[in-house]
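One structure is given here, and the rest of the page talks about it.
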Amino acid sequence: MQTHTDPPKAKANKNEHPSGDKRFKVLDITMKRAGYDRSALIEVLHKAQEAFGYLEEDVLLYIARALKLPLSHVYGVATFYHLFSLKPAGKHTCIVCLGTACYVKGSGKLIEDIEKEFEVKVGETTADGEISLVAARCIGACGIAPAVVFDGTVAGKQETEAVLAKLHSYKD
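For the sequence shown, the UniProt record's numbering assigns the number 1 to the initial residue and increments by one for each residue that follows.
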């Protein structure tokens, strides 16, 4: 029984996530369209990253519960593919290919030089939030090895000086 001193109870929107974060609705729609089928995991992870910018632990847990999958499985898929990130991305992204052809042509050294110059490790973002450094198993650009992807644009036959110059240009 409500008295005149009790605050009125707000009616919760049935389609709203308990946190009130409307980005979860995008995930719900995607999962519902797939019939909450476990095979939709990668599609749902893509939608989550698109909506949230990266895959936070609570988002992974939400997806795991909704698709009735162990969190370890969802986490394993999210960490296996280089396109998924568990941390907020920098303003710019540098993906260095570590496929066999690229590695033989010096991509391992490129990563070492970037890490040293910008004080960042693979999978992390510089302290100023400008550059995220990512390593990819293979981007399929073997003919132009070593390949680096700057903000979605593939650059082939890269050398340390050019890569560092490009990354420094992001900081200016």
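All C-beta atoms, glycine included, are put in the ideal place defined by N, C-alpha and C.
*Please classify S39: is it buried, with 16 or more other beta-carbons within 10 angstroms of its beta-carbon, or exposed?*
Locating residue 39 in the sequence shown gives position 39, where the first residue counts as 1. Result: exposed.
*H46 to D21, Cα distance in whole Å?*
Position 46 of the sequence shown, counted from the start, is the residue given in the question as residue 46. Position 21 of the sequence shown, counted from the start, is the residue given in the question as residue 21. Computed Cα separation, rounded: 18 Å.
*Which residue's Cα is closest to the Cα of I131: L69, K91, I63, G76?*
Position 131 of the sequence shown, counted from the start, is the residue given in the question as residue 131. Looking at the Cα atoms, K91 is the closest of the given residues.
*Ranges of the alpha helix (DSSP H) found wholly within the stretch 67-132, counting only runs of at least 4*: Counting whole runs of 4 or more residues, the stretch 67-132 contains the alpha helix (DSSP H) stretches 71-80, 100-104, 107-118.
*Round the Cβ separation of L67 and L41 to the nearest angstrom and send it over; I've been treating them as touching at under 8 Å.*
Within the sequence shown, numbered from 1, the residue matching residue 67 stands at position 67. Within the sequence shown, numbered from 1, the residue matching residue 41 stands at position 41. Rounded, the Cβ-Cβ distance is 6 Å, consistent with contact.
*Would you kindly report the start and end of the unbroken alpha helix (DSSP H) that includes A34?*
The count along the sequence shown starts at 1 and reaches residue 34 at position 34. Careful: A34 lies outside any alpha helix (DSSP H) and carries neither H nor E.
*Taking the Cβ atom as the reference point for each residue, do L61 and L71 lie within a distance shorter than 7 Å?*
On the sequence shown, residue 61 is found 61 positions in, with the first residue counted as 1. On the sequence shown, residue 71 is found 71 positions in, with the first residue counted as 1. Contact flag set, yes.
*Per the contact definition of three or more C-beta pairs closer than 8 Å, is the stretch 104-111 in contact with the stretch 75-85?*
no
*Is DSSP giving A165 helix, strand or coil here?*
The sequence position of residue 165 within the sequence shown is 165, counting from 1. Residue state, collapsed to three classes: helix.
*Please say whether A155 and A101 have beta carbons closer to each other than 7 Å?*
Locating residue 101 in the sequence shown gives position 101, counting from the first residue. Locating residue 155 in the sequence shown gives position 155, counting from the first residue. Cβ atoms of A101 and A155: not closer than 7 Å.
*Under the three-state reduction of DSSP, which class applies to G20: helix, strand or coil?*
Indexing the sequence shown from 1 puts residue 20 at position 20. Coil at G20, not helix or strand.
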